[in-house]
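**Q** Take the sequence shown: its position 171, counted from the start at 1, is 171 in UniProt numbering, and no numbers get skipped.
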Amino acid sequence: NRYHNSHPLRERARKLSQGILIIRFEMPYNIWCDGCKNHIGMGVRYNAEKKKVGNYYTTPIYRFRMKCHLCVNYIEMQTDPANCDYVIVSGAQRKEERWDMADNEQVLTTEAGDGRHVPAGAWRGRPQHTQEGAAHTEPHPGGPERLEGRLRPQQHAAEKVPGEGGSSPGSERMHGGPRPGSSPHPTTS
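1) Using the beta-carbon count (16 or more within 10 Å), is threonine 58 buried or exposed?
2) Out of His156, Cys68, Arg94, Arg63, state which residue places its alpha-carbon closest to the alpha-carbon of threonine 79.
3) How would you call glutamate 105, buried or exposed, if buried means at least 16 neighbouring beta carbons within 10 angstroms?
4) Once DSSP output is grouped into helix, strand and coil, what is the label at asparagine 1?
5) Taking the C-alpha atoms as reference points, what is the distance between cysteine 36 and aspartate 100?
6) Taking 8 Å as the threshold (C-beta atoms), are arginine 12 and leucine 21 in contact?
7) Hey, quick one: how far does the beta strand (DSSP E) through leucine 70 stretch, first residue to last?
8) Would you say isoleucine 31 lies against chain B (beta-carbon separation less than 8 Å)?
9) How would you call glycine 19, buried or exposed, if buried means at least 16 neighbouring beta carbons within 10 angstroms?
10) Whose C-beta lies closer than 7 Å to the C-beta of arginine 94 among residues of the same chain, with five residues either side of it excluded?
11) Take histidine 48 as the anchor and find which of Asp103, Phe25, Arg152 has the nearest alpha-carbon.
12) Using the C-alpha atoms, what's the distance from histidine 4 back to aspartate 85?
13) Since arginine 94 is in the alpha helix (DSSP H), which residue starts that stretch and which ends it?
14) Restricting to Cα atoms, I'd like to know which of Gly149, Ile40, Leu147 is closest to alanine 92.
15) Under the three-state reduction of DSSP, which class applies to glutamate 105: helix, strand or coil?
16) Pull up the DSSP beta-bridge partners for proline 87, would you.
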């Protein structure tokens, strides 16, 4: 049996005894290779060796080592959980394409300086997340009962048919009156 005594990850687990797992790594941003000085675009995939090198609080920090597909140079990258980014350790340089989100008028999800969190729905422009919009979200001063009381006469006026002086034939049903075909007063026998 050729599957007997083989690892479920097959060739990807050949260095597992050293704590290294072979994974498929996708370049998170554009870089310049230090070996051949060529540009490597974001999204290029490599077979990389993944190794745990430490922790940031309880989040593991991983290092990825991969060979440049254009030369013999090795590129090492490491996760940076503190900044939610990847850091190049050796073998390449990052092509600087970063910008300030505030300059681009994008909403920051967290404030890095003071640690405050922006509410999840704030980017939608909901009025309850702003000071001036707080008045729009407060309940009506009279409450729903007062609003309903103001609407009720308008509904009654709309239900009346002109010329009959009373209500329409089906209006009793709408207000809990007797059903058609039944007598208005129950008889007892």
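By construction, the Cβ of each residue, glycine as well, lies at the ideal position given by its N, Cα and C atoms.
**A** Quick answer:
1) Start at 1 with the first residue of the sequence shown, and residue 58 comes out as number 58. By the 10 Å Cβ count, threonine 58 comes out exposed.
2) Position 79 of the sequence shown holds residue 79. For threonine 79, the nearest C-alpha among the options comes from Arg63.
3) As a first step, residue 105 must be located in the sequence shown, where it is residue number 105. Result: exposed.
4) Position 1 of the sequence shown holds residue 1. Confidence in asparagine 1 is poor, its pLDDT being 48 and thus under 50, which makes the residue's placement too unreliable to answer from.
5) Here residue 36 refers to the residue found at position 36 of the sequence shown. Here residue 100 refers to the residue found at position 100 of the sequence shown. Distance between the alpha carbons of cysteine 36 and aspartate 100: 31 Å.
6) Along the sequence shown, one-based indexing puts residue 21 at 21. Along the sequence shown, one-based indexing puts residue 12 at 12. Yes, the Cβ-Cβ distance between leucine 21 and arginine 12 is below 8 Å.
7) Here residue 70 refers to the residue found at position 70 of the sequence shown. Element bounds for leucine 70: n/a, residue is neither H nor E.
8) Of the protein chains in the structure, only one exists, and it is not chain B.
9) As a first step, residue 19 is located in the sequence shown; it is residue number 19 there, counting from the start. Burial call: exposed.
10) Counting from one through the sequence shown, the residue named residue 94 turns up at place 94. Excluding positions up to five away in sequence, the list reads Tyr29, Ile31, Ile88.
11) Translated into positions along the sequence shown, residue 48 becomes position 48. First, the residue type needs correcting, since residue 48 is alanine and not histidine in the sequence shown. Checked all of Asp103, Phe25, Arg152; the closest Cα to alanine 48 is Phe25.
12) As a working mapping, residue 85 is identified with position 85 in the sequence shown. As a working mapping, residue 4 is identified with position 4 in the sequence shown. Each residue's alpha carbon lies about 41 Å from the other.
13) As a first step, residue 94 is located in the sequence shown; it is residue number 94 there, counting from the start. Arginine 94 -> not in any alpha helix (DSSP H); beta strand (DSSP E) instead, spanning 92–94.
14) Along the sequence shown, read from residue 1 onward, the residue named residue 92 stands at position 92. When each option's Cα is compared against that of alanine 92, the closest is Ile40.
15) On the sequence shown, residue 105 is found 105 positions in, with the first residue counted as 1. Coil.
16) On the sequence shown, position 87 is the one that residue 87 refers to. Note on residue identity: the sequence assigns valine, not proline, to residue 87. Valine 87 is bridged to Gln78.
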